[in-house]
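A short write-up of the structure that comes next.
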Amino acid sequence: GQQVMQIPQYQHVQEGEDFTTYCNSSTTLSNIQWYKQRPGGHPVFLIQLVKSGEVKKQKRLTFQFGEAKKNSSLHITATQTTDVGTYFCAGILISGGSNYKLTFGKGTLLTVNP
Amino acid sequence: IAGITQAPTSQILAAGRRMTLRCTQDMRHNAMYWYRQDLGLGLRLIHYSNTAGTTGKGEVPDGYSVSRANTDDFPLTLASAVPSQTSVYFCASSRTFTGELFFGEGSRLTVL
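In order, the protein sequences belong to chains S and H. Oh and the first sequence: position 74 is 82 in the working numbering, straight run, nothing missing. Oh and the second sequence: position 7 is 16 in the working numbering, straight run, nothing missing.
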């Protein structure tokens with residue numbers, strides 16, 4: 009079945025350092041979403057990527073979708089303590105008509121030392 | 010304020026008891042979902058509903074049931090709770106089945 013692997017599982021950085029989390033799918037995805045969950049909170053949607061090779065930026069966050077639509081990354085430049093949380097990718101596979109499956113990666117927990 | 014409301018926020022339950030987690034959304038979203046979140050396992054889909062009147066099984070449906078009598082409500086029922094169902098449960102909705110998910114605040118359930 010479809011699997012979405014996310015690495016690393018944990019990442020601890022000093023404030024100001026960069027951070028990257030990677031998401032890899034065993035199958036070609038229709039699109040991919042990214043979510044952030046603050047400690048004790050609920051997942052909040054960040055962005056959706058649809059096109060092969062797509063790159064989107066949100067302030068210090070850069071999202072990429074691979075050319076083969078099987079991998080994605082989230083890069084944070086110059087981390088801040090407000091970036092602390094777990095970042096999840098969620099891959100969407102559409103197979104004919106309304107058959108679709110959204111699979112979450114296990115997430116990357118980011119901690120930032122001030 | 011528009012969004013998703015889950016109840017209860019937390020609950021301690023004796024094994025064998027029946028429990029229903031409530032979820033209501035006021036965004037008129039077609040699709041709704043129930044996830045459980047456990048440390049190290051991420052978010053796992055329990056059941057989903059693409060539209061009112063239809064439901065489907067997710068990755069971990071055993072021991073859970075859902076109903077979708079109308080667009081707004083999507084309750085999750087544990088017929089006979091077991092300790093392995095101790096978890097944080099999130100309800101979510103999306104306008105379309107490929108759109109962004111809006112999550113509720115979560116319900117923390119402890120089964121003793």
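Glycine included, every Cβ here is placed at the ideal spot set by N, Cα and C.
message: Using C-beta distances below 8 Å, list every residue in its chain close to H56/H, excluding the 5 sequence neighbours before and after it, in chain order.
response: Numbered from its first residue, the second sequence carries residue 56/H at position 47. The answer, listed in chain order, is Y42, W43, T64, G65, K66, G67, P70, Y73, S74, V75 and L85.
- request: Report buried or exposed for V120/S, applying the criterion of at least 16 other Cβ atoms within 10 angstroms of its Cβ.
  value: For the purposes of this step, residue 120/S is taken as the residue at position 112 of the first sequence. That one is buried.
Closest residue to S34/S among T111/S, L117/S and L118/S (Cα-Cα distance): As a working mapping, residue 34/S is identified with position 26 in the first sequence. Ranked by Cα distance from S34/S, the options T111/S, L117/S and L118/S are led by T111/S.
message: Given this structure, state the Cα-to-Cα distance separating G74/S from D81/H, to the nearest angstrom.
response: Locating residue 74/S in the first sequence gives position 66, where the first residue counts as 1. Locating residue 81/H in the second sequence gives position 72, where the first residue counts as 1. Spanning the two alpha carbons is a distance of roughly 36 Å.
task: Could you confirm whether any beta carbon from chain H is found closer than 7 Å to the beta carbon of H20/S?
output: Taking the first residue of the first sequence as position 1, residue 20/S is located at position 12. Output row for H20/S: interface = no.
- prompt: Is R68/S near the ligand GTP, in the sense that its beta carbon is under 6 Å from a heavy atom of that ligand?
  reply: As presented, the structure is devoid of all ligands, the ligand GTP included, so that no description of it is given.
message: So, with DSSP's three-state summary, where would you put T33/S?
response: As a first step, residue 33/S must be located in the first sequence, where it is residue number 25. Rather than Thr, the amino acid found at residue 33/S in this sequence is Ser. S33/S carries a strand assignment under DSSP once its states are collapsed to helix, strand and coil.
query: So what does DSSP say about D47/H, is it helix, strand or coil?
result: Translated into positions along the second sequence, residue 47/H becomes position 38. Annotated three-state conformation of D47/H is strand, per DSSP.
message: If I measure Cβ to Cβ from A24/H and keep anything under 7 Å in the same chain, skipping five residues before and after, which residues do I get?
response: Here residue 24/H refers to the residue found at position 15 when the second sequence is read from its first residue. Only A90, V91, P92, V120 and L121 meet the Cβ criterion.
field: Reduced DSSP category for D82/H - H, G, I as helix; E, B as strand; rest coil
entry: Mapped onto the second sequence, residue 82/H falls at position 73. DSSP places D82/H in the strand class (E or B) of the three-state scheme.
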